[in-house]
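A quick write-up on the structure given underneath.
Protein chains in written order, with my numbering: chain Y, 1 to 1058; chain R, 10001 to 10359.
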């Protein structure tokens, strides 16, 4: 038939096909956007980016609002935002405003550019090859950022310097890739000058004594400071170059030796030193001196010392310790910030005319004050062992002094020797000779413990590696290891005396693929191990300790298994000690702190360091938080000699691309409270710090055992140190809601504060205003969960929140109106039975009014539906048990069975579980829905058009469609888009067909499932980097669904146009 | 395999899909990458340097002019169809032609040099290449491996060969009998020589039979890891860092485009090679830093001793880490590791510690 068709018909069909194709690929009405199937346009090209992330790397102190009180101004480079924390009388107002600036920013300068008496904010926008200026309009308002191009690309580190002496100051920028310095005069490119490799930091002053402003540039890649001489008219020329240590990352000017001349100091990161270039008083730099510092110094601040001179504060990037360096006296104080600090700045915070110091922490999303002369402790390195893999303190000879057993790092480690056997070295304080112990036939050794395991005098040494151990005894002149004992899955050995007979036994920790086991064994006369008891556990075994409850019976065991506390009193099964609001537990220490005869515990948990009194009571005492920061190790010891045990808490920290161990010491007070001393920090990562007794001197000894490193011994002494005091955190969780009833979605951030930005109806948002939670909800410390709705139909949204109290360990249901502070005596809506309770608003009983669902997980999972009265009121709850896992169960409300009643879908470890709604506020017994576990829900819909909904989930493999069924399904999910890190499934244009959206970091893929089951995606590259989530909502209030593309920095709103 | 047969096979392979034109002309190597594949700035110079060093070691003239090796760096897609290589391999060499999915792949350049001695049995063809290929982008010694030489003595190009066994055994033979004697023995073996022929060649050239040699290898040399046995010709011959034996430090940009940056290897790595002479045995602090924390996991410094199969340790320090290590006196290969995809700045410092203090 085809052969009979005339050629003109072919041509016509061809043209039609071409026109159709062109319509798909070329559409002037949707340029840069995505044409939806129904004809509407997703206007990707006009996406509006708003940034509010808070991860500061630069901070300045200045009175921006002219109220006479200093404010803190912080720049968050990756977030592209500037935040001003408005000062109050004690800098703890928690009131802040964040302005969106550019995709990336760098540095900060505060200067009155327009002579209106108000400081304007300047930052560099390196990706835009420009400097961004936010004009200060007064009344705590900054104008939107305006970009001013620089002469050379990639500006960084802006500094305001009045080079021509005429005012206002010029903006000087550094350009790392161009090895240059640039000047903007009246915000217009004026001059650029090549200064050398790696210009990273800038200081200004009159360095040549001619009365004109000069510049000093730290050249990180040339180990030098380049002086740039000003001619007083804005012109610059290269001056002398001064060598300093390798990798100078910071340079500051000041009079550091008090001779009245201006000096320069650099932080030389790879020399672990500060270089000081002394001025001679006649405008020349006359000499260089070098001062050792903590490792990797990166930031400096010069603070006036009150006598006309300056002291230096040096920030170590490796350990985040601050050292106060008075060049006339040396380093006189040290202290570590608990969140890793990225920048220091000096300014008069409290208005007393003297400068104080502040720090910015990018990883901690925190600003804080530096407090010198605080109570603290110091660590002085004393000695170290030879090359070591691991080290363990042991009192082998029972003389009250620890020896250090070292697993040596042998030269033979360079080769593979299957016949090698292990040995151990014993190091003693004050003794040069090292005792070698041959542990053959043990092939290698992971750890050693010591105990009195047999009837013979003298202690035994137990050495083990994975799956095998040996027990060594001391003969007349040496230690002799016994036969190799195979213990499958052996991962740890603990010495105990559970029966209290003075002869100790061993607990053997074993891990198998299916779980763990703890065997209680004793050494027999023939050198073998005899099993006394064995106990299986779920999950990996962590710390284990014996518990003597004073009942005269065998000691019980407290174990961490699968990050849960398990108590084994010899009964049928170990009991799980689940604590309300406490997630995982990684470490514990037991002691009867309140001397009531019952054991209390200090716990390292996912919600901080907690104290729990009467841990073994049923129920145990309510937790009290000692420290919001977590810990990885704790050591109880009476550090201050007041006969009360104190806490040395250790926390490994690998934030910011460097590793350290943070040590915090909490002294127990007479009333049972805790006083934290200034913290200290040591380089390292996976080690352990222990208090040891090596000799009889008055110093406390600390042993730092770092894997594959020599063991180091430090003397610990008490005195004054530098403390950190957080004053602001910007770590909030954000969502969108129409707070003001104008139809456009607003931004709401909740957590330890409350932040709001109003949507402008065009996809943009106002600056984000953050307030301290305590100002709005007196007595509240943190919001765990929130539901937003205009409950009373007055046009403004109300928030119902689960707020944890600042005092105690309880949460309340409270009403929060963003614009109104609650009265201190305002009672909560409801006292909640569980700290971590989650809530959702929906119609659960079919009366078309909003009800409030509240649910909580372990311990004692339960839920309640508080029926709404339609006017913002809710009936009292009736709590019912519900089968949910974990303390923070992942639950979603959805009508998955399409019966018109909302169900609960729980994402559990064994898969997705459906709790069918009964339509009266109750839920039926749970039924498995699908075996998939661990995915993130991104949408639901009938993707395959079989009449039943599928769930769209994000899993490691990408975006998948999960076909479940009420009885449980094990079908393989369909991959909708591999390697997606963000996703959504929604009918964007209301044509009844689902759009599938997949994000892959810097691209958005929009697909549509065809009738034949195929899905074709169109890729759109995004300016936004790090796309991490896709929100679909009507952001602009025009009745059409838009896209919110989330990243760590903020959101880009993509509007749907008719 | 004869040169003629190889060339025919190569021609058959090439007939299916054209190979890319030469884009980089070196002294000893010409590189023909597929469109979109870019060498790092120092890779061609490294290839030239490597070929010159291996040629000198093997006592042959490095190829120049029209005899230069041609290195085809090809997209993995359809690699097997466009080259004489099996699809599953990373590369292969057919005399002066190298076909590779990655660049550089010095292993194949050793093949091209060793063709001057003919083509021996697989265990020694691959063993020789493995023994001299250097460190590539490896940052730390690889874990222990089986050393069962007998299993592979008669490897026949079909069954899988353990390159580590072949390399370790070959390194052992060269260390024990000398490279000249080994190459003479190798040149006398044919492509399909098996156990009997190898045994005879051993007796003839080494004056010890194969069985005894393998026993000796197992007893004396089988535990030496490849990274320690390899002479690391380019790595240890790299420009030497001038220092006083007490402190050396450097902070620099590490970018694929730089003239001393070699890459991108397999996974987008970039390596800068230096050598360092430690004048006296001692304890040293080694610190590595970067000012770009997000890239820290891709940045590292490695120190491999140039002494072959000695007892000195290799040391690898990631950015953000600082360690203390005992270094024996002698020459080390010092390499800086980074990502070929994203430039970053890396700094390192090596500081000798004072002798142990009192305890």
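Positions of the beta carbon are idealized from the N, C-alpha and C atoms, including for glycine.
Using a beta-carbon distance below 7 Å, is residue i in contact with chain Y?
i	result
residue 10289 of chain R	yes
residue 10349 of chain R	yes
residue 10304 of chain R	no
residue 10267 of chain R	no
residue 10139 of chain R	no
residue 10344 of chain R	no
residue 10320 of chain R	yes
residue 10211 of chain R	no
Using a beta-carbon distance below 7 Å, is residue i in contact with chain R?
i	result
residue 659 of chain Y	yes
residue 246 of chain Y	yes
residue 22 of chain Y	No answer about residue 22 of chain Y holds up, because its pLDDT of 34 lies below 50 and its placement is not dependable.
residue 194 of chain Y	no
residue 1054 of chain Y	no
residue 221 of chain Y	yes
residue 270 of chain Y	yes
residue 1002 of chain Y	no
residue 25 of chain Y	At residue 25 of chain Y, the pLDDT of 38 sits below 50, so the modelled position is not reliable and the matter cannot be decided from this model.
residue 917 of chain Y	no
residue 77 of chain Y	no
residue 825 of chain Y	no
residue 296 of chain Y	yes
Helix, strand or coil for residue i, going by three-state DSSP, please let me know.
i	result
residue 10059 of chain R	coil
residue 10122 of chain R	helix
residue 423 of chain Y	strand
residue 30 of chain Y	helix
residue 683 of chain Y	strand
residue 383 of chain Y	strand
residue 10171 of chain R	helix
residue 462 of chain Y	strand
residue 765 of chain Y	strand
residue 10235 of chain R	helix
Checking the sheet assignment: what are the DSSP bridge partners for residue i?
i	result
residue 953 of chain Y	Y:937 and Y:960
residue 881 of chain Y	Y:862
residue 605 of chain Y	Y:585 and Y:608
residue 870 of chain Y	None; residue 870 of chain Y has no bridge partner.
residue 10099 of chain R	R:10072 and R:10092
residue 907 of chain Y	Y:890 and Y:912
On the CB-based measure, 16 or more other CB atoms within 10 Å of its CB, does residue i come out buried or exposed?
i	result
residue 10028 of chain R	buried
residue 509 of chain Y	buried
residue 925 of chain Y	exposed
residue 714 of chain Y	buried
residue 10280 of chain R	exposed
residue 10220 of chain R	exposed
residue 812 of chain Y	buried
residue 278 of chain Y	buried
residue 793 of chain Y	exposed
residue 1046 of chain Y	buried
Query - Contact between the region 800-808 of chain Y and the region 730-748 of chain Y (3+ Cβ pairs under 8 Å) - result: no
Requested in this report: Flag this pair as touching only if the region 218-229 of chain Y and the region 191-203 of chain Y have three or more C-beta atom pairs under 8 Å; answer yes or no.
Outcome: yes
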